[in-house]
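As structure tokens, the structure follows; a few thoughts come after it.
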Amino acid sequence: MMLNWLAGFLVLIIKLTVVLFFLLFVAAYLVWVERKFLARLQIRYGPNRAGKFGLLQPLADVVKMLTKEDTVPDGADKAFFLIAPAIVATTAFVMFAVVPFGSDLTLFGRKIPMVVTDLNIGLLFVFALSSLGVYGVALGGWASNSKYGLLGGIRGAAQMISYELSLGLSLIPIIMLAHSFSIVDIVDAQASYPFIVVQPVAFIIFMISAMAESKRIPFDLPEAENELVAGYHTEYSGMRFGLFFLGEYVNMMVFGGIVSVLFLGGWRGPFLPSFLWLFIKILLVALFMIWVRGTLPRLRYDQLMTIGWKVLIPVALLNILATAAVGVMIH
Amino acid sequence: MEQVVEAVKALAAGFAETFKHLFRKPITEQYPEYKRPLPERARGRIILTRDPDGEERCVSCFLCSAVCPVTCISMEGDEKPNGRRYPLWFRINFARCIYCGLCEEACPTSAIQLTPDYEFSKSTPLDFIYEKEDLLVDHQGKDKNYNYYRYAGITTDEGKKGEHIGEDKPVDVKSNLP
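Protein chains in written order, with the numbering used here: chain B, 173 to 503; chain D, 4 to 181.
Here it is in structure tokens:
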């Protein structure tokens with residue numbers, strides 16, 4: 173009994189470590205991928221000085237961030253100012269806990285599910301944490317005692333709360349199809365076909381809302397460089413700025429993971445090992461997000477709110493009704 | 004409905020355009036490996052040249068120092084026993100210099116000249132202060148044959164009064180004869 177518990181604990185720790193380091197590593201290299209890919213879209217080279225193809229650039233950036241001075245502006249609310257970046261990064265990391273990254277592994281006659289924790293409310297957990305991430309943005313912006321920070325924080329809060337709604341509503345059809353909130357069950361429900369085939373509208377709404385949630389370019393009003401300097405992280409320096417940055421990229425990966433898990437069949441795929449399939453799908457989603465960044469200009473604030481409240485939410489509601497109607501007709 | 008189709012079309016066109024750019028060769032010039040050819044009269048680091056005989060050209064007339072819009076040139080003049088003037092010390096603060104080339108235009112002896120060299124960045128501003136020994140070079144720069152003292156009407160080792168190129172004999176003010 174005790175041994176069993178210990179073995180389970182050990183497996184959990186190993187999974188946590190692997191997932192954490194994998195996320196950190198991939199988030200760092202996602203920055204490289206983004207800079208390189210975006211540069212190509214704009215017929216530039218991107219980073220190519222640090223190491224071959226600039227592959228050591230993330231390492232150089234980390235060294236730079238860690239050695240820079242960690243400044244706290246006069247008049248800032250110190251406690252909140254210091255804790256805000258941690259909130260953003262932590263919520264982004266913890267979200268990945270419910271994403272299954274492979275088919276079950278059998279080791280020494282014991283089944284090990286390839287997910288950090290299979291919560292039966294997995295999807296709600298993701299939403300809860302992505303809403304908590306707003307606190308990091310809003311508090312960071314408010315605590316820096318700077319007008320740019322404050323404006324960025326307010327915009328961030330308004331935008332993320334608005335898009336949280338369409339994000340949640342777009343996934344209700346998925347839950348109806350899978351009969352479960354657990355992400356593991358949702359992946360299992362896609363054994364025969366990925367849900368993007370039957371729910372393209374939900375997929376589009378989710379992608380748009382996910383980009384707004386992770387504050388990526390057509391929706392990057394909270395950090396709009398040409399209006400707000402850097403928005404909510406204007407006053408941050410060194411590794412605290414790095415944490416905001418890291419949180420953003422981990423967020424991008426988590427949303428990539430959730431899109432692949434909910435719509436693209438998760439780790440399912442032929443030939444290649446399951447975790448590799450998930451990685452490929454996350455990367456494709458990330459590349460698509462970068463492509464969007466290279467193409468679209470930033471929305472105006474009223475356009476952002478119009479799309480969120482007047483387009484995405486009604487369409488998502490209609491999609492729920494349509495899915496329900498089709499479901500009733502079939503059964 | 005038509006509006007939606009129109010909007011989707013416009014979006015797709017944008018995405019197609021950026022996707023096409025993905026396969027174009029980047030237009031960035033990789034600087035240290037590739038240096039863009041400079042214009043013929045590009046202005047960079049300043050030098051002090053010598054005349055064809057290897058003597059310093061600068062006569063420390065202060066014209067460059069006076070004309071310099073950012074007053075980055077300073078010097079102290081002195082005279083050698085053979086009558087030639089020269090700068091005792093000559094200092095250019097390149098951290099302040101704007102490479103306008105006015106000093107070169109002002110110089111009556113072609114001593115101060117601008118080279119096309121622009122690659123001399125330093126890590127400390129003090130390193131930008133160039134003294135005479137840093138500025139002085141062993142060639143004539145752009146003006147190969149000019150030697151100021153062969154034209155100047157003063158007594159030096161190049162000749163006495165009236166012995167210079169294009170100079171008349173001095174008039175004897177004590178005589179009425181032409």
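For glycine and all other residues, C-beta sits at the position ideal for the given N, C-alpha and C.
Starting from the C-beta of residue i, find all residues in its chain whose C-beta is less than 7 angstroms away, skip the five residues before and the five after it, and write them out in chain order.
i      : result
D:R153 : E161, H167, I168
B:F487 : A small fix is needed here, since residue 487 of chain B is Val in this sequence, not Phe. So the list reads V373, I377, once near-sequence residues are dropped.
D:R46  : Y102, G104, L117
B:I492 : L341, I344, P345
B:I430 : V271, V298
D:E79  : P90, L91, W92
D:F123 : R48
B:V183 : I284
Could you tell me which residues DSSP puts in a beta bridge with residue i?
i      : result
D:R185 : Because residue 185 of chain D is not part of the residues shown, which for chain D are 4 to 181, the question remains open.
D:I132 : D:N96
D:R88  : D:E82
D:R116 : Strictly speaking, residue 116 of chain D in this sequence is Gln, with Arg absent from that position. Looking at the DSSP assignment, D:Q116 forms a beta bridge with D:I50.
D:T159 : D:G162
D:L139 : D:L51
D:I76  : D:I95
Anyone know if the C-beta pair for residue i and residue j falls short of 7 angstroms?
i      : j      : result
B:A315 : B:F253 : yes
B:G294 : B:I344 : no
D:C110 : D:C71  : no
D:C64  : D:N96  : no
D:T158 : D:R48  : no
B:F375 : B:F435 : yes
B:G321 : B:E407 : yes
B:L210 : D:T21  : no
B:S409 : B:G274 : no
B:A261 : B:P230 : no
B:F367 : B:I380 : no
B:S334 : B:E385 : no
B:L195 : B:V422 : yes
B:V191 : B:V288 : yes
D:D81  : D:N150 : no
D:R60  : D:S77  : no
B:V270 : B:F297 : yes
B:I485 : B:S338 : yes
B:I462 : B:G428 : no
D:K164 : D:P173 : yes
B:G308 : B:I259 : yes
D:R27  : B:I284 : no
B:A310 : B:A329 : yes
B:I389 : B:R465 : yes
List the residues of chain B that residue i touches, going by C-beta distances under 8 angstroms, in chain order.
i     : result
D:R39 : Chain B residues near D:R39: none, gap ~16 angstroms exceeds 8 angstroms.
Near residue i, which residues of its chain fall below 6 angstroms by C-beta distance, leaving aside the five closest residues on each side in sequence?
i      : result
D:A98  : P128, F131
D:K147 : none
B:A573 : Past the edges of chain B, shown from 173 to 503, lies residue 573 of chain B, and the structure says nothing about it.
B:P257 : R412, L415, F416
B:K387 : P394
Residues of chain D with CB under 8 angstroms from residue i, in chain order?
i      : result
B:Y217 : P29, T31, Q33
Quick one: which chain D residues come within Cβ less than 9 angstroms of residue i?
i      : result
B:Q214 : T21, H24, P29
B:W463 : F18, T21, F22, L25
Name the chain D residues whose beta carbon is nearer than 7 angstroms to that of residue i?
i      : result
B:G466 : T21
Within a Cβ cutoff of 8 angstroms, which residues of the same chain sit near residue i, ignoring the five residues on either side of it in sequence?
i      : result
B:H351 : D357, A361
D:P40  : none
D:V140 : I50, L51, T52, R53
B:Y217 : A211
B:Y473 : R327, L393
D:H142 : T52, R53
Check: Within the chosen definition, does the stretch 353-373 of chain B reach the stretch 399-408 of chain B through at least 3 CB pairs nearer than 8 angstroms?
Finding: no
Checklist line | Inter-stretch contact at 8 angstroms, needing at least 3 Cβ pairs: the stretch 169-178 of chain D / the stretch 74-93 of chain D | finding: no
Note to self: Does the stretch 239-253 of chain B come into contact with the stretch 173-183 of chain B, if we say contact requires no fewer than three beta-carbon pairs (one atom in each stretch) closer than 8 angstroms?
What the structure shows: no
Notebook entry, point to check: If you pair each beta-carbon of the stretch 224-243 of chain B with each one of the stretch 262-270 of chain B, do three or more pairs fall below 8 angstroms?
Noted result: no
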